[in-house]
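Letter by letter, the sequence shown follows residues 104 to 202 of this note's numbering.
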Amino acid sequence: TARWLTVMAPGHEIGIEDLPDNLHQSSTPGAALGDDALLTQWTGDLKRWADARLAAGDQDLLAIAGPAFERTLLKAALHFTGGHKQQAAALIGWAPDLS
104 TARWLTVMAP GHEIGIEDLP DNLHQSSTPG AALGDDALLT QWTGDLKRWA DARLAAGDQD
164 LLAIAGPAFE RTLLKAALHF TGGHKQQAAA LIGWAPDLS
C-alpha cells in the first residue's frame, strides 16, 4: 500500500526497486496485479476515505478529491513523458492529442 511504501522507501522518492516483489513481475503497468485488481484496490481506498470524511461530517467531497485525483494523474503523466507538459496534458485528456 501507499502507506507501507512511504514508510519503507529509503529516500524521498519511491522507485521500482522499492515496490514489493509481487509488483515486479511484469514491465506492463498494472499487469502484476491486473488492471482490475489495481482499480479495485484504489477505488476501495477512495471509498474508505469518503466513508471517513462523511462520518466526520465533511461535505462536498468531490471538491477535495477531484483536484487530488487530477494532480495524481498529471504527476503520473509528467513522469511518463519525462516532464513534457503538453504531452502529459494530452495523455490525461486535458489537451488535444499531439502525437
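Heads up, the beta-carbon is just placed ideally off N, CA and C, and yes, glycines get one too. All values derive from a computational prediction rather than experimental measurement.
### LEU164 vs ALA153 beta-carbon contact at 8 angstroms
yes
### Task
In angstroms with no decimal places, state the Cα-to-Cα distance between ALA192 and GLY185.
13 angstroms
### Query
According to the neighbour-count rule (16 or more other Cβ atoms, all chains shown, within 10 Å of its Cβ), is ALA180 buried or exposed?
buried
### Query
Which residue's Cα is closest to the Cα of LEU149: GLN162, ALA168, ALA140 and GLY160?
ALA168
### Task
Report buried or exposed for LEU194, applying the criterion of at least 16 other Cβ atoms within 10 angstroms of its Cβ.
buried
### Message
Please state the DSSP three-state secondary structure of GLY160.
### Response
coil
### Message
Using C-beta distances below 7 angstroms, list every residue in its chain close to ARG156, excluding the 5 sequence neighbours before and after it, in chain order.
### Response
LEU164
#### Entry: Range covered by the alpha helix (DSSP H) that runs through ALA193
188 to 195
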